[in-house]
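In this note's numbering, the protein residues as written are 1 to 229.
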Amino acid sequence: MGLYNRMRAAAGERGWWPADRSAPDRGRDEIIIGAVLTQNTSWKNVERAIESLRAAGLLSLARLAAMEPDQIAPHIRAAGYFNVKARRLHSVARFFAPGGKPRFTQLVRLGDDELRAQLLAVHGVGRETADSILLYALGRLSFVVDAYTLRIGVRHGLFPPGADYEQARAWFTARLPHDAALFNDYHAQLVRIGNLYCKPRPRCAACPLARRDCTASREAWAAIRERLA
């Protein structure tokens, strides 16, 4: 928890996944839709696509499930790859609301691993998308891993170079208290650090995690000492 505590001390609680939560199903549907739209694009573009769906009254899994992909595509053009994402969004909507009828009450009976396996079998749902849906929309204990997580984890010796998604996910799951709110905030903190500091070319001087246990930080300071020698 040392890494998390340092990030939390620097930035406070981050939370994650902005959504309209004025009604439980509204926030849940928006998060699931956003998890599909965010693939290979920026969140700013996702927000534009979500607003387009909202304006058309389509920010609903039940409504999207009742449509065809070519009817969805024009509304999500801002997210990029809109024809591909329309097919994926349609598949996800049909998983959660087949025939336009939500089945969350049935899905809640499934264990985390079984529900994850079923999500991964849906067209267009990879591991990061599945875990984002499970954690942020459904409150399940499913740690989300992304490129930031892998980069920071390797540099701080949490897992070895070349570690893959499942290895990283298993590391966090085995070591953290099983608390969905903690999983949520931990990932949000990693995203902040990765976005601002722990880049491919790291900005160690400003990073709150710059310590001797960070390989990037050690290399940066070694380079400075060499220049000053």
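Think of the CB as a built atom: it goes at the ideal place given N, C-alpha and C, for glycine as much as any other residue. These numbers were taken from a predicted model, which means no experiment stands behind them.
Using CA coordinates, which residue listed in A73, A137, P200 and L110 is at the minimum distance from V154? Here the question's residue 154 lines up with position 154 in the sequence shown. V154 has its Cα closest to that of P200, out of A73, A137, P200 and L110.
Pairwise C-alpha distance: G12 and F172: Here residue 172 refers to the residue found at position 172 when the sequence shown is read from its first residue. Here residue 12 refers to the residue found at position 12 when the sequence shown is read from its first residue. Using only the alpha carbons, I get a separation of about 20 Å.
At which residues does the alpha helix (DSSP H) containing H75 begin and terminate? Within the sequence shown, residue 75 is the residue found at index 75, counting from 1. Careful: H75 lies outside any alpha helix (DSSP H) and carries neither H nor E.
Integer-rounded CB distance, given that I31 should sit under 8 Å from A97: What you label residue 97 is simply residue 97 of the sequence shown in a count that begins at 1. What you label residue 31 is simply residue 31 of the sequence shown in a count that begins at 1. Not confirmed; about 14 Å, so no contact.
For Q167, which of helix, strand or coil comes out of DSSP? On the sequence shown, residue 167 is found 167 positions in, with the first residue counted as 1. If DSSP states are grouped into helix, strand and coil, Q167 belongs with the helices.
Helix or strand or just coil, what does DSSP make of V191? Along the sequence shown, read from residue 1 onward, the residue named residue 191 stands at position 191. V191 falls in the helix class under three-state DSSP.
Would you identify the three-state DSSP class for M7, choosing helix, strand or coil? For the purposes of this step, residue 7 is taken as the residue at position 7 of the sequence shown. Helix, per DSSP.
Closest by CA to L58, which one among K44, A73 and N45? On the sequence shown, position 58 is the one that residue 58 refers to. Measuring from the Cα of L58, the nearest candidate turns out to be A73.
What is the residue span of the alpha helix (DSSP H) that I133 lies within? The residue given as residue 133 occupies position 133 in the sequence shown. Per DSSP, I133 is not a residue of any alpha helix (DSSP H), being assigned neither H nor E.
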